[in-house]
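**Q**
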Amino acid sequence: MLDINFIRENRELVKQGMSAKGEKDHSIVDQVIEVDEEWRSVVTSIDRLRAESNKKSKQIGELMARGEREEAQALIAETGESKDQLKKLEESKEALQARRESLLYQIPNIPDPSVPVGKTPEENEVFKEWGERLDETWRKPHWELAEQKGWIDFERGAKVTGAGFPFYVGDMARLQRALINFFINEAVGEGYKELQAPYFVNEDSARGTGQIPDKEDMMYEIGRDGFFAIPTAEVPVTNFHRSEILSHDELPLYYVAYTPCWRREAGSYGKDVRGLNRLHQFDKVELVKIVTPEESMNELETLRIYAEGLLEKLKLPYRTLLMCTGDMGFTQSKKYDLEVWSPGQQRWLEVSSCSNFGSYQARRMQLRYRNDKEKIEMAHTLNGSGLALPRIVASILETYQNEQGDVVLPDVLVPFMGKEII
RNA sequence: GGAGGGAUGGCAGAGUGGUUGAAUGCGGCGGUCUUGAAAACCGUUGAGGCUUCACGGUCUCCGGGGGUUCGAAUCCCUCUCCCUCCGCCA
């Protein structure tokens, strides 16, 4: 969430940001400022009343200590009415606070000035394109090849769990493992610290990274124990330092974690969900950075360049999109998407999303650091996929297949697979 | 799952209803001493809010939430987490 004081001082800027992100109605900005003003006046009254009654209690204590019971009783009798008043004020303070919070949760992060203004995905800027897009007509989409080879068992996955929960079989199972190892090794070599994270998180964590309130529909719930199945490793990994005050010489922090990811993907259909294009469970290696505000925009660039490098090592043609304001998402201030070319489908597939959240997540989870002047301020958080597996697999199968229907693996994966052709 | 014990500042650890936001030790920071350092000594050292141009004033926080009381770290309820024992178990 944004800082209420920032909103107060930058009312118009926040409204502009909301409009740029496609929110028509920005009256909540005025509402939240109004509620906050009320809240502050109530707090002032409460403080004053409390100060008075604290003083009285102290006097009562002194009187009791001296054994002057009569005088003490007289003072105790006086305290009754302010107690009722305090209780009422306390209640309205709670209510105002809850209201203010729920309004704050509805105000998105404001886009960085470098982000192109736009409403639809068509207005995203093609920031970079790498490699030759293959377009031979004999190339099969990955699901056909996988079926031919018996590599992915969608039917049995559907029987055992449901649609979108495939089994990977034989070489394909091994390919998953190879990619995960390749990605983690690369990241560790780049200075990221490897974490193995919990696959379920509690409500506070889901709130910290912004999955709730509002987007709880994307997550599977373990209701009985109050957990959520993680939709991305971003959630546990960013929350690793929730409610902490880090020191500036600890920053920047770089983490890498492999986890499965679970997403309900309610409402998806058609070609978007063919084969591996969209699943309810998939594997992803995720990168998370916790940095100082001064560095966060540079860190976003190095994150993007790193993720692009993975695709280049795999020799998969891709393009990088700089997302426009309207297609960027609620909590981000700037975001790049990396899309890999799928020659069997003749379309781009998103395989990584690299975002800077500024202090938006950090404020939610009270992730702070002491700057070099020993002042405490919010850290900045970033994350990026490095990378998501299923669409990479799709692209590998389609890019590296030959006309006989075999797949000649990218060089960098050979050591992990123990063979060159599958 | 059952029984019991615990959770206090960066760390260790006092405190069981009154002037305790919290003794003491360690650590950190500043200083004295010293050519320098160590030791010793002195001082200082939590977070957040409201208010103020500022100085300051004031409120909240002793795992989370609720309650009793004029007053709660201290009493009661509840939840979470940690430890010990029993049970179960990859």
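Taking the working numbering, the leading residue of the first sequence gets 2, the next gets one more, and so forth.
From the three backbone atoms N, C-alpha and C, an ideal C-beta is built for every residue, glycine too.
Predicted model only: the values in this text are computed from it and were never measured.
Return the chain-ordered list of same chain residues with a C-beta closer than 8 Å to the C-beta of residue 47, the five sequence neighbours on each side being excluded.
**A** Around residue 47: 87, 90, 91, 94.
**Q** Just checking my contact of residue 317 with residue 341 at CB under 8 Å: how many whole Å lie between their CB atoms?
**A** Contact holds; Cβ gap of about 5 Å.
**Q** In three-state DSSP terms, what is residue 142?
**A** In the structure shown, residue 142 sits in coil (DSSP, three-state: anything other than H, G, I, E or B).
**Q** Taking the C-alpha atoms as reference points, what is the distance between residue 98 and residue 35?
**A** Approximately 12 Å, taken between the alpha carbons.
**Q** Taking only the alpha-carbon atoms, compute the straight-line gap between residue 346 and residue 220 and give it to the nearest angstrom.
**A** Spanning the two alpha carbons is a distance of roughly 28 Å.
**Q** For the candidate residues 20, 10, 143, 386, whose alpha-carbon lies nearest to that of residue 1?
**A** As displayed, the chain neither begins before 2 nor continues past 423, which places residue 1 out of reach and without an answer.
**Q** Pair every Cβ in the stretch 291-299 with every Cβ in the stretch 153-162, then say whether three or more of these pairs are closer than 8 Å.
**A** The answer is no - the stretch 153-162 does not touch the stretch 291-299, with fewer than three Cβ pairs under 8 Å.
**Q** Would the beta-carbon of residue 407 fall within 9 Å of that of residue 423?
**A** Yes, Cβ-Cβ distance for residue 407 and residue 423 is below 9 Å.
**Q** Cα separation between residue 405 and residue 315?
**A** Between residue 405 and residue 315, the C-alpha separation is close to 22 Å.
**Q** Look at the Cβ atom of residue 213, then the Cβ atom of residue 108, and state whether they are nearer than 9 Å.
**A** Result no, Cβ atoms of residue 213 and residue 108 do not sit closer than 9 Å.
**Q** Name the DSSP beta bridge partners of residue 282, please?
**A** BP columns for residue 282 point to 263.
**Q** Give every residue of the same chain whose Cβ lies closer than 6 Å to the Cβ of residue 332, excluding the five residues on either side of it in the sequence, and list them in chain order.
**A** Within the same chain, residue 332 has close Cβ partners 110, 211, 358, 361.
**Q** Tell me the rounded alpha-carbon separation between residue 299 and residue 58.
**A** The straight-line gap from Cα to Cα measures roughly 55 Å.
**Q** For the stretch 133-152 against the stretch 383-401, do three or more pairs of beta-carbon atoms, one drawn from each stretch, fall closer than 8 Å, so that the two count as touching?
**A** Yes: at least three Cβ pairs fall under 8 Å.
**Q** Measuring alpha carbon to alpha carbon, tell me which residue in 114, 258, 201 is nearest residue 181.
**A** Out of 114, 258, 201, 258 has the C-alpha closest to the C-alpha of residue 181.
**Q** Figure out for me which residue from 229, 4, 136, 129 has the closest Cα to the Cα of residue 101.
**A** The residue with the shortest Cα to Cα distance from residue 101 is 4.
**Q** Within its chain, find whatever has a CB closer than 7 Å to the CB of residue 267; leave out the 5 residues flanking it on each side and keep chain order.
**A** Result list for residue 267: 218, in chain order.
**Q** How should residue 373 be labelled, buried or exposed, when 16 other C-beta atoms within 10 angstroms of its C-beta is the threshold for buried?
**A** Under this definition residue 373 is an exposed residue.
**Q** Measure the C-alpha to C-alpha separation of residue 55 and residue 61 and round it to an integer number of angstroms.
**A** Cα-Cα distance, rounded: 10 Å.
**Q** Whose CA, out of 297, 351, 115, lies closest to the CA of residue 320?
**A** Nearest C-alpha to residue 320: 351.
**Q** Could you give the DSSP three-state label for residue 25: helix, strand or coil?
**A** Coil at residue 25, not helix or strand.
**Q** So, at 8 Å on beta carbons, what are the nonlocal neighbours of residue 76 in its own chain, with the 5 sequence-adjacent residues on each side left out?
**A** Closer than 8 Å at Cβ, skipping near neighbours: 57, 60, 61, 64.
**Q** How big is the Cα-Cα spacing for residue 388 and residue 246?
**A** Residue 388 and residue 246: Cα-Cα distance of roughly 30 Å.
**Q** Could you say if the stretch 113-126 and the stretch 364-384 meet the contact criterion of at least three C-beta pairs nearer than 8 Å?
**A** With a cut-off of 8 Å, the stretch 364-384 and the stretch 113-126 do not count as touching, because too few Cβ pairs lie within range.
**Q** Inspect the CB distances between the stretch 220-233 and the stretch 195-208 and report whether three or more fall short of 8 Å.
**A** The stretch 220-233 vs the stretch 195-208: in contact.
**Q** Specify the secondary structure class of residue 195 as computed by DSSP and reduced to three states.
**A** Of the three classes helix, strand and coil, the one that applies to residue 195 here is strand, per DSSP.
**Q** Starting from residue 228, trace the alpha helix (DSSP H) both ways and give me its first and last residue.
**A** First-last for residue 228: 228-230, but that is the beta strand (DSSP E), not the alpha helix (DSSP H).
**Q** Considering only the alpha carbon of each residue, which of 414, 265, 277, 348 lies closest to residue 168?
**A** Checked all of 414, 265, 277, 348; the closest Cα to residue 168 is 277.
**Q** Tell me where the beta strand (DSSP E) around residue 389 begins and ends.
**A** It spans 381-389 - the beta strand (DSSP E) in which residue 389 sits, taken as one unbroken run.
**Q** Report the rounded CA-to-CA distance for residue 189 versus residue 126, giving the unit in angstroms.
**A** One C-alpha to the other measures close to 31 Å.
**Q** When burial is assigned at 16 or more other CB atoms within 10 Å of the CB, is residue 410 buried or exposed?
**A** Looking at its Cβ environment, which holds 16 or more other Cβ atoms inside 10 Å, residue 410 is buried.
**Q** Where residue 334 and residue 370 are concerned, what is the direct C-alpha to C-alpha distance, given to the nearest angstrom?
**A** Approximately 20 Å between the Cα atoms of the pair.
**Q** Whose C-alpha, out of 311, 235, 45, is nearest the C-alpha of residue 363?
**A** Considering only alpha carbons, the answer is 235.
**Q** Over what stretch of residues does the alpha helix (DSSP H) that includes residue 85 continue unbroken?
**A** That run of the alpha helix (DSSP H) goes 81-105.
**Q** Quick check: what's the CA-CA separation for residue 265 versus residue 281?
**A** Looking at the two C-alpha atoms, the distance is approximately 6 Å.
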